[in-house]
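In what follows, a structure is listed as structure tokens, so that the remarks can point back to it.
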Amino acid sequence: MPCYRCGARQTDPVRGASPWKRGVRDETQVLICPDCQRACDLDLDACPSCASTSLIRRLGEVECRSCGSVRQARPEEPHVATGKPSRSTGAPGLPAEVEAALDRVLGRS
1 MPCYRCGARQ TDPVRGASPW KRGVRDETQV LICPDCQRAC DLDLDACPSC
51 ASTSLIRRLG EVECRSCGSV RQARPEEPHV ATGKPSRSTG APGLPAEVEA
101 ALDRVLGRS
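Note that the sequence shown ends on residue 109 in full-length UniProt numbering; no numbers are left out.
Set out below in structure tokens:
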């Protein structure tokens, strides 16, 4: 999964904790690269209880890592084709990149 702001891809991590950060934006879990973490406004969703942006989304729930508050995530709305990439669909060209990688791994021509 690339950084939601700049599209940078994670590389193989060195030992220790990853410098990449997780967050929730528009009800979708996103990754933030170390360079973009320095930005003042990451435009992430905030916890309604404590205003922290340390949120994670899993299985229809959004949990605050700061205060432990858990809420139901809003149901996902179907995306309407607008001719431009949606924020939550990831980087443009990703499906083609994944297909090419699968072809390499599976030995398809």
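No residue lacks a Cβ here, since even glycine has one placed at the ideal position from N, Cα and C.
These numbers come from a predicted model, not from an experiment.
With C-beta atoms as the reference, is residue 2 less than 8 angstroms away from residue 19? no
DSSP state of residue 37, grouped into three classes? helix
With DSSP as the reference, label residue 14 as helix, strand or coil. coil
Can you name the residues that DSSP bridges to residue 47? Partner(s): none; residue 47 has no beta bridge.
Assess contact between the stretch 55 to 67 and the stretch 92 to 106, defined as three or more Cβ pairs (one per stretch) separated by less than 8 angstroms. Is contact present? no
Name the residue from 14, 56, 94 and 29 whose alpha carbon lies nearest to the alpha carbon of residue 68. 56
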